[in-house]
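Every letter in the sequence shown is one number past the one before it in my numbering, and letter 3, counting from 1, is 1428. The next block holds one structure in the form of structure tokens; read it before the comments.
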Amino acid sequence: MTDFRSGASAHAGVAPVVFGTLAGLTAATIWGGWIVATRAGVTGGFTPVEIAIIRTLPPALILFPLLFRLQWRRLNPWRVVVIVAGAGAPYFLIASTGTRFAPVSDVGALLPGTMPLFAAILAVTLLGGKLGRWRLLGFALIIVGGLAVGGDSLFTGDPGEWRGHLLFLCAAAMWAAYTIALRGSGLDAWQAAAIVGIGSVIVLVPVGLIDGDVRFDVPWRDIAVQVVAQGLGSGLFAMAAYGMAVSRLGASNAAAFSALTPVIATIVAVPALGELPPLLAWAGVIAVCCGVALASGVLRARS
1426 MTDFRSGASA HAGVAPVVFG TLAGLTAATI WGGWIVATRA GVTGGFTPVE
1476 IAIIRTLPPA LILFPLLFRL QWRRLNPWRV VVIVAGAGAP YFLIASTGTR
1526 FAPVSDVGAL LPGTMPLFAA ILAVTLLGGK LGRWRLLGFA LIIVGGLAVG
1576 GDSLFTGDPG EWRGHLLFLC AAAMWAAYTI ALRGSGLDAW QAAAIVGIGS
1626 VIVLVPVGLI DGDVRFDVPW RDIAVQVVAQ GLGSGLFAMA AYGMAVSRLG
1676 ASNAAAFSAL TPVIATIVAV PALGELPPLL AWAGVIAVCC GVALASGVLR
1726 ARS
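The structure is reproduced here in structure tokens:
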């Protein structure tokens, strides 16, 4: 039986921890750029469905041959459903819809910022995982740091923004469920990315036909930028890197790296968008980095 508890017992030793850490950092770095690209896309004429198509179609086409190598009889169909819903088109559409009610700046605090906490809760309640005092401290630093990085508008925004905040939290819980399901699925990183991409395309076809808001009435250069950032970066390489981190570090350990996404987005936004964060945000960056180091087990802390 595959062990998919929150620890990394399935891959004991230093090398898997180092490789998993590098994979988690790679995924978080790509996702940091993805937030900036999504912000540019939403404000630049793309609809959420169009960006979702760009994110899922390239990996679906590239990884389609992998489907013929899967041992479908050994796959739990419910795990497959959770994997596609939690990391594919349903997840992306819910998160994108949230930006219609709340500003994109709230995404970092409420989506990748809370996802490690949801993953830890699921790991403890469903898988019998345990959280020591150092990991709990790490999660606390992640939450406090995430609020400092991008959460000020949570308390100063319009009253109706709570709908977007609720959707962001829903998306965070979905990604956490995907992380847990992936750990016990027996899929490798590329196979999981293939299932997410192809399953998402199947979901998006009827959504696009019903919505009717798929025109791609934007310059080709903007489409090319989104294809690189969304389809190849977030949809392909980040998905594969995150899957590698999950397989080597465990579910909730790997999930901690997602908290670095708003941190990296904050740093990338300085040269890319000319946005200089305040000192409180930089303090949050430091807190999140320390929290990830503790919550992910990188420091090998033990309570």
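The beta carbon of each residue, even a glycine, is placed where N, CA and C say it ideally should be.
Beta-carbon gap between Ile1605 and Leu1556 smaller than 9 Å: no
According to DSSP, is Leu1416 helix, strand or coil? Any answer about residue 1416 is impossible in this case: the structure gives the chain only from 1426 up to 1728.
Trp1497 - containing alpha helix (DSSP H), residue span: Segment: none, Trp1497 is in no alpha helix (DSSP H) and carries neither H nor E.
For the alpha helix (DSSP H) that Glu1475 lies in, which residues bound it at each end? Unbroken alpha helix (DSSP H) run through Glu1475: Pro1473 to Leu1488.
Coarse secondary structure for Arg1640, derived from DSSP in three states: Reduced to three states, the DSSP call for Arg1640 is coil.
Extent of the continuous alpha helix (DSSP H) to which Phe1593 belongs: Trp1587 to Arg1608
So Gly1570 packs on Val1461, CB below 8 Å; how close in whole Å? So it is not a contact: roughly 19 Å between Cβ atoms.
Of the residues Arg1498, Ile1508 and Ala1665, the one placed nearest Gly1445, counting alpha carbons only: That would be Ala1665, whose Cα lies nearest to the Cα of Gly1445.
Residues near Val1507 in its chain [Cβ-Cβ closer than 7 Å; skip 5 each side]: Ala1602, Tyr1603 and Ala1606
Endpoints, the alpha helix (DSSP H) within which Gln1651 is located: Trp1645 to Gln1651
Have a look at Leu1719 and Trp1600 and give me their C-alpha separation to the nearest angstrom. 21 Å
Classify Ile1623 as buried or exposed, calling it buried when 16 or more other Cβ atoms lie within 10 Å of its own Cβ. buried
When you compare only the Cα positions, how much space is there between Trp1497 and Val1549? 29 Å
Using the Cα positions of Ala1663 and Phe1543, report the straight-line distance between them to the nearest angstrom. Here the alpha carbon of Ala1663 sits roughly 20 Å from the alpha carbon of Phe1543.
When you compare only the Cα positions, how much space is there between Gln1655 and Pro1473? 12 Å
Let me check understanding here. Comparing Cα to Cα, which of Val1443, Ala1545, Gly1457 and Leu1492 lies closest to Val1621? Leu1492
If you reduce the DSSP assignment to three classes, tell me which class Ala1618 lands in. helix
Val1628: buried (16+ other C-beta within 10 angstroms of its C-beta) or exposed? When all chains shown are included, Val1628 counts as buried.
Which whole-angstrom value is the C-beta distance of Val1717 and Leu1685, which I expect to be below 8 Å? 6 Å
With distances taken from CA atoms, which of Ile1692, Ile1567 and Val1643 is nearest Ala1545? The option with the nearest alpha carbon to Ala1545 is Ile1567.
Residue interval of the alpha helix (DSSP H) (run including Leu1552): Met1540 to Leu1552
What's the call for Phe1489, buried or exposed, on a 16-neighbour Cβ count within 10 Å? With fewer than 16 other Cβ atoms within 10 Å, it is exposed.
Beta-carbon gap between Ala1597 and Thr1539 smaller than 9 Å: yes
So for Ala1527, helix, strand or coil by DSSP? coil
State yes or no: is the C-beta of Ala1676 within less than 9 Å of the C-beta of Arg1608? yes
State yes or no: is the C-beta of Val1532 within less than 9 Å of the C-beta of Phe1471? Taking 9 Å as the cut-off, the Cβ atoms of Val1532 and Phe1471 do not count as close.
Select from Ala1520, Ile1479 and Ala1452 the residue whose C-alpha is nearest the C-alpha of Arg1640. Ile1479
Closer than 8 Å by C-beta to Trp1615: which residues in its own chain qualify, once you throw out the five before and the five after it? Chain order, please. Leu1488, Leu1491, Ala1665 and Gly1668
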